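Engineer: The following block contains the structure, expressed as structure tokens.
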Amino acid sequence: MTPQEDVAETDERADSQEFVEEIEVHGHIVDSLILPKILDRILQMGGSFEIRKCEIGARRVDPSHARIAIRARDADLLAAILGDLVEHGATQVDVEDAKTVAADIAGAFPDQFYSTTNQQTQVRIAGRWIDVDDQEMDCGIAIDRSGRRARCVAMADVPLGLPIVVGHAGVRVIPTERSRDGDVFGFMGSAVSSEKPKAVSVRAVADSIRSTRAAGKKVLLVGGPAIIHTGSAGHVAALVRNGFIQKLFAGNALATHDIEQALMGTSLGVSISKGEAIEHGHQHHLRAINTIRRLGGIRAAVDKGVLTSGIMYECIKADVEFILAGSIRDDGPLPEVIVDTLRAQSLMRSAIKDVGLAIMVATALHSIAAGNLLPARVKVVCVDINPATVTKLLDRGSFQTVGLVTDAEPFLRGLAAELVGDIKT
Amino acid sequence: MKNPRILMCSPDFYGIEYEINPWMNTRVDADPARSLFQWRALVAILENLGATIERLEPARGLPDLVFTANAGIVYHNLFLSSRFRFEVRRGETPLFDRRFVDAGFRVESLPEGMFFEGAGDALFCGETLFAGYRFRSDALSQQWIGERLGVETLPLELVDPRYYHLDTCFCPLSSEQAIYYPGAFDDYGRSVLAARVDRLIEVHADEAVSFSCNAVVVGRTVILNDVSPRLKRDLEANGYTVRATPLSEFIKAGGSAKCLTFRIDGEDAASWKREAIRRLPPRPADPRKNDLHSPPES
Numbered sequence: 001m002t003p004q005e006d007v008a009e010t011d012e013r014a015d016s017q018e019f020v021e022e023i024e025v026h027g028h029i030v031d032s033l034i035l036p037k038i039l040d041r042i043l044q045m046g047g048s049f050e051i052r053k054c055e056i057g058a059r060r061v062d063p064s065h066a067r068i069a070i071r072a073r074d075a076d077l078l079a080a081i082l083g084d085l086v087e088h089g090a091t092q093v094d095v096e097d098a099k100t101v102a103a104d105i106a107g108a109f110p111d112q113f114y115s116t117t118n119q120q121t122q123v124r125i126a127g128r129w130i131d132v133d134d135q136e137m138d139c140g141i142a143i144d145r146s147g148r149r150a151r152c153v154a155m156a157d158v159p160l161g162l163p164i165v166v167g168h169a170g171v172r173v174i175p176t177e178r179s180r181d182g183d184v185f186g187f188m189g190s191a192v193s194s195e196k197p198k199a200v201s202v203r204a205v206a207d208s209i210r211s212t213r214a215a216g217k218k219v220l221l222v223g224g225p226a227i228i229h230t231g232s233a234g235h236v237a238a239l240v241r242n243g244f245i246q247k248l249f250a251g252n253a254l255a256t257h258d259i260e261q262a263l264m265g266t267s268l269g270v271s272i273s274k275g276e277a278i279e280h281g282h283q284h285h286l287r288a289i290n291t292i293r294r295l296g297g298i299r300a301a302v303d304k305g306v307l308t309s310g311i312m313y314e315c316i317k318a319d320v321e322f323i324l325a326g327s328i329r330d331d332g333p334l335p336e337v338i339v340d341t342l343r344a345q346s347l348m349r350s351a352i353k354d355v356g357l358a359i360m361v362a363t364a365l366h367s368i369a370a371g372n373l374l375p376a377r378v379k380v381v382c383v384d385i386n387p388a389t390v391t392k393l394l395d396r397g398s399f400q401t402v403g404l405v406t407d408a409e410p411f412l413r414g415l416a417a418e419l420v421g422d423i424k425t
Numbered sequence: 426m427k428n429p430r431i432l433m434c435s436p437d438f439y440g441i442e443y444e445i446n447p448w449m450n451t452r453v454d455a456d457p458a459r460s461l462f463q464w465r466a467l468v469a470i471l472e473n474l475g476a477t478i479e480r481l482e483p484a485r486g487l488p489d490l491v492f493t494a495n496a497g498i499v500y501h502n503l504f505l506s507s508r509f510r511f512e513v514r515r516g517e518t519p520l521f522d523r524r525f526v527d528a529g530f531r532v533e534s535l536p537e538g539m540f541f542e543g544a545g546d547a548l549f550c551g552e553t554l555f556a557g558y559r560f561r562s563d564a565l566s567q568q569w570i571g572e573r574l575g576v577e578t579l580p581l582e583l584v585d586p587r588y589y590h591l592d593t594c595f596c597p598l599s600s601e602q603a604i605y606y607p608g609a610f611d612d613y614g615r616s617v618l619a620a621r622v623d624r625l626i627e628v629h630a631d632e633a634v635s636f637s638c639n640a641v642v643v644g645r646t647v648i649l650n651d652v653s654p655r656l657k658r659d660l661e662a663n664g665y666t667v668r669a670t671p672l673s674e675f676i677k678a679g680g681s682a683k684c685l686t687f688r689i690d691g692e693d694a695a696s697w698k699r700e701a702i703r704r705l706p707p708r709p710a711d712p713r714k715n716d717l718h719s720p721p722e723s
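Heads up: the protein sequence lines correspond to chains A and B, in order.
Residue 425, in the numbering used here, is where the first sequence stops; the numbers in between run on with no holes.
Residue 723, in the numbering used here, is where the second sequence stops; the numbers in between run on with no holes.
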């Protein structure tokens, strides 16, 4: 599937036909017009259908066979449609309840656990299909004690005795519907391309941010330090200040160089305004980290009036949630950097729940980490000078991603100009 | 050509004892003497046409046993026994089954939970089995039968409760011709019949209510309760002789000439009759299938 097929507006999903059952119809269903009649009945009653399989008998005496998924807006309508179709010889495909096994070891799934995708998933419990909450790829599905709720759970978070779905019976994935309108995801013909008019793409991303905000969802920026190195900190700061970004996922480096620039005007020792290496500039980021550590953290530095500009400053001021996940090569790190990887992952998992759009700029590892957590309904725009970054995201299953192959600075400058108007950097 | 063999049951215990279709009204019972008179007249006409009437012993408490058309269907030497929708008629099945076992048929039943009312709802026209569903038989059972017999089976939805069996609104005359009442079918059913029967003779609403479609066909003779001059002309123009014989006492129960007869040797319109006896398709491996009363294999 190509990404534009898989991306749906969040608000489209709300009125989409969520209740699904499959039927089979068998026999001389073509010449008797039973098949067209059944399809007509589904539509007339207000449902929709998808023919999953259709085998037409080769000779007149050979029976034909069709398997049809029926969708309806609610369970009652679905039951009414099924009841009607049974009269015409349709049978409901045998469906089983999901099987669960209690976790026998904490922090691990039972063998044969069902491994999730990032697509909306339902499990059948006591004859009813229920939505799996907190959809995330590469997790297991836990059923709560009441048997009425199911959610994705990460391997490390499994407590002893938690009922975990095993096998594929009673589990189904509901493919994300196509986007109806021509947003950036419809516009981008291919997942990743350097051959698109950038201004149009940037405008489309700006429109997506507006529609995400209008739908009451949040915009997540996942950023790498190249945002600072390329002189884009001011653009991002403007976007944060003006309410276009509500969450930030990054590492020690982005925050460090942002603060280095704010305090000393350099990024990795290079003057942002002049583009020249400053003497002893290679120490600047360490001095910046040291300053913040001496003050007790980024928030403390802002509160004490030491840090007065930049992305991190704006995040503190605008109360934008930021999660800085550490890595083994970090200097310092800054006190807010979370060095426990599983804890960082868990915080990121909680933070993405109300995200409707993720913009990933100039970072491969943080993009993949965030991509792994996002359900398929969340749109992802990946901006990188290296097409391989987008490809890596796609390869790991974040196929709702569209990529823009471009330097971070022109993209962010264009985006800020679209959304904020003329800005000073 | 061999003599037609027709199973009939004398109306000794016939009457309107319950209401399972819009024609029945327990306050308007059938007159026993007139019923017997009308039934005997029908027998006489059929015998005159060279048919052998094989009689089924009447049974007290089974008033509708006279409607032998609903016993099941025959295909070569297989008798597929009915599964009646209404409990009040289910007592007929053992009597029919025993009769067909005795006559040398292999008797099989549909799986439990399916409803099928025999030649009332399943009529061959040419090589195709036209099958009514909704009020008595269900579509799933018709599909099951098509598969069991290995014949093309076209289920047709019946939409008017007065025409609750296919044989009340559709009657094959030969492998290419049939009479039918369009108002008993929906657009899909009418389209199927128009596409699959070469010559369709339409019966009007006022003719349909007098059971003009519920006709017995023996060779080129059509026997029915009542015939309008228009329909008579139509049938004669197609080479048929028409014999009307009053069956008003049976219409009180929603049946007429066709319902009172069962063609043991298969209807003339069924193409399989013309073929050499051929092997039946192998039995399905469906464990739900009841193979009742099979005669021992020789």
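For each residue, glycine too, the CB sits at the ideal point set by N, CA and C.
Note that this is a predicted model, so its numbers are computed, not measured.
1. What would DSSP say about B/T646, mapped onto helix, strand or coil?
2. With H, G and I counted as helix, E and B as strand and the rest as coil, what does DSSP make of A/H65?
3. If we define contact as Cβ-Cβ less than 8 Å, is B/E542 a contact residue for chain A?
4. According to DSSP, is B/F521 part of a helix, a strand, or is it coil?
5. Quick one: which residues of the segment 57-68 of chain A get their C-beta closer than 8 Å to a C-beta of chain B? List them in chain order.
6. Nearest-angstrom Cα distance between A/Q283 and A/F249?
7. Measure from the C-beta of A/G89 to each C-beta in chain B and report whether the shortest distance is under 8 Å.
8. Taking the alpha-carbon positions, what's the A/V337 to A/Y313 distance?
9. Give me the Cα-Cα distance between B/C638 and B/I648, rounded to the nearest whole angstrom.
10. On the DSSP bridge list, what partners appear for A/V222?
11. I'd like the list of long-range same chain contacts for A/G182, defined as Cβ closer than 6 Å, with 5 residues on each side in sequence excluded.
12. Counting only Cβ pairs nearer than 8 Å, list the residues of chain A close to B/L579.
13. Are A/A416 and A/L239 closer than 8 Å when you measure CB to CB?
14. Going by other Cβ atoms of all chains shown within 10 Å of its Cβ, with 16 needed for buried, is A/A75 buried or exposed?
15. In the DSSP assignment, find the unbroken alpha helix (DSSP H) run with A/G371 in it and report its ends.
16. How big is the Cα-Cα spacing for A/G147 and A/I125?
17. Distance, Cα to Cα, B/I470 vs B/L505?
18. Is DSSP giving B/R624 helix, strand or coil here?
19. Is the beta carbon of A/G167 less than 8 Å from the beta carbon of A/M155?
20. Buried or exposed, going by whether 16 or more other CB atoms sit within 10 Å of the CB of B/P519?
21. Report the neighbours of A/K37 on chain B: residues whose CB is nearer than 7 Å to its CB, in chain order.
22. Do A/M360 and A/V381 have their C-beta atoms closer together than 8 Å?
23. Cα-Cα, which of B/D522, B/F560 and B/V513 is closest to B/Y588?
24. Can a CB atom of chain A be found closer than 8 Å to the CB of B/S562?
25. Can you check whether the CB of A/V123 is closer than 8 Å to the CB of A/G170?
26. Please look up how many angstroms separate the CB atoms of B/P488 and B/G440, rounded, as I've assumed it's under 8 Å.
27. So that I know if they touch, is there some Cβ in chain A lying closer than 8 Å to that of B/G575?
28. What number of angstroms, rounded off, separates the C-alpha of A/E5 from the C-alpha of A/I227?
29. Can a CB atom of chain A be found closer than 8 Å to the CB of B/V643?
30. Give the DSSP bridge partners of A/D384, in chain order.
31. Is the Cβ-Cβ distance between A/I102 and A/P163 less than 8 Å?
32. Excluding five sequence neighbours on each side, which residues of the same chain lie with their C-beta closer than 8 Å to the C-beta of B/A476?
33. Touch check for the segment 228-236 of chain A and the segment 260-277 of chain A: three-plus C-beta pairs under 8 Å?
34. Taking only beta-carbon atoms, is B/E572 less than 8 Å away from chain A?
35. Below 7 Å CB to CB, which residues in the same chain sit around B/Y500 once its five sequence neighbours on both sides are set aside?
Structural biologist: Looking at the coordinates:
1. Looking at B/T646 - three-state DSSP - the assignment turns out to be strand.
2. Here A/H65 carries a strand assignment [DSSP, helix/strand/coil].
3. Interface with chain A (8 Å Cβ-Cβ cutoff): B/E542 is excluded.
4. If DSSP states are grouped into helix, strand and coil, B/F521 belongs with the helices.
5. Near chain B, meaning a CB-to-CB distance below 8 Å, the residues of the segment 57-68 of chain A are R60, V61 and P63.
6. For the pair A/Q283 and A/F249, the Cα-to-Cα distance works out to about 25 Å.
7. For A/G89, the answer is yes, since a Cβ of chain B falls inside 8 Å of its Cβ.
8. Separation of A/V337 and A/Y313 (C-alpha to C-alpha, rounded to the nearest whole angstrom) is 15 Å.
9. Between B/C638 and B/I648, the C-alpha separation is close to 10 Å.
10. Answer is A/F249 and A/M360, bridged to A/V222.
11. Residue placement at A/G182 cannot be trusted, given a pLDDT of 45 that sits under 50; what the coordinates show is reported in the next sentence. Sequence-distant Cβ neighbours of A/G182 in its own chain, meaning closer than 6 Å and more than five residues away, do not exist here.
12. What B/L579 touches in chain A, judged by beta-carbon distance under 8 Å, is H28, D31 and S32, going in chain order.
13. In terms of Cβ geometry, A/A416 and A/L239 form a close pair [threshold 8 Å].
14. Result: exposed.
15. First-last of the alpha helix (DSSP H) with A/G371: L365 to L373.
16. Cα-Cα distance, rounded: 7 Å.
17. B/I470 and B/L505 have their C-alpha atoms some 28 Å from each other.
18. In the structure shown, B/R624 sits in a strand (DSSP, three-state: E or B).
19. No, they are not a contact pair.
20. Counting other Cβ atoms within 10 Å of its Cβ, B/P519 stays below 16 and is therefore classed as exposed.
21. Within chain B, the residues near A/K37 are Y613.
22. Contact: yes.
23. Taking only the C-alpha atoms, the option nearest B/Y588 is B/F560.
24. Taking Cβ atoms only, chain A never reaches closer than 8 Å to B/S562, which makes this a no.
25. Taking C-beta atoms as the reference points, A/G170 and A/V123 count as a pair closer than 8 Å.
26. Their Cβ separation, rounded to whole angstroms, is 5 Å, which keeps B/P488 and B/G440 in contact under 8 Å.
27. Yes, B/G575 counts as interfacial toward chain A.
28. Note that A/E5 has pLDDT 33, beneath the 50 cutoff, so the model's placement of it is unreliable and the number below is only indicative. Taking C-alpha positions only, A/E5 is separated from A/I227 by approximately 30 Å.
29. With a threshold of 8 Å between beta carbons, B/V643 makes no contact with chain A.
30. Paired residue(s): A/V405.
31. Looking at the sequence provided, one finds Ala at residue 102 of chain A rather than Ile. In terms of Cβ geometry, A/A102 and A/P163 form a close pair [threshold 8 Å].
32. Excluding positions up to five away in sequence, the list reads N428, P429, R430, I431 and V643.
33. Three or more beta-carbon pairs drawn from the segment 228-236 of chain A and the segment 260-277 of chain A are found closer than 8 Å, and the two stretches are therefore classed as touching.
34. For B/E572, the answer is yes, since a Cβ of chain A falls inside 8 Å of its Cβ.
35. Annotation for B/Y500: L574 and W697 place their beta carbon closer than 7 Å to its own, counting only its chain and skipping 5 residues before and after.
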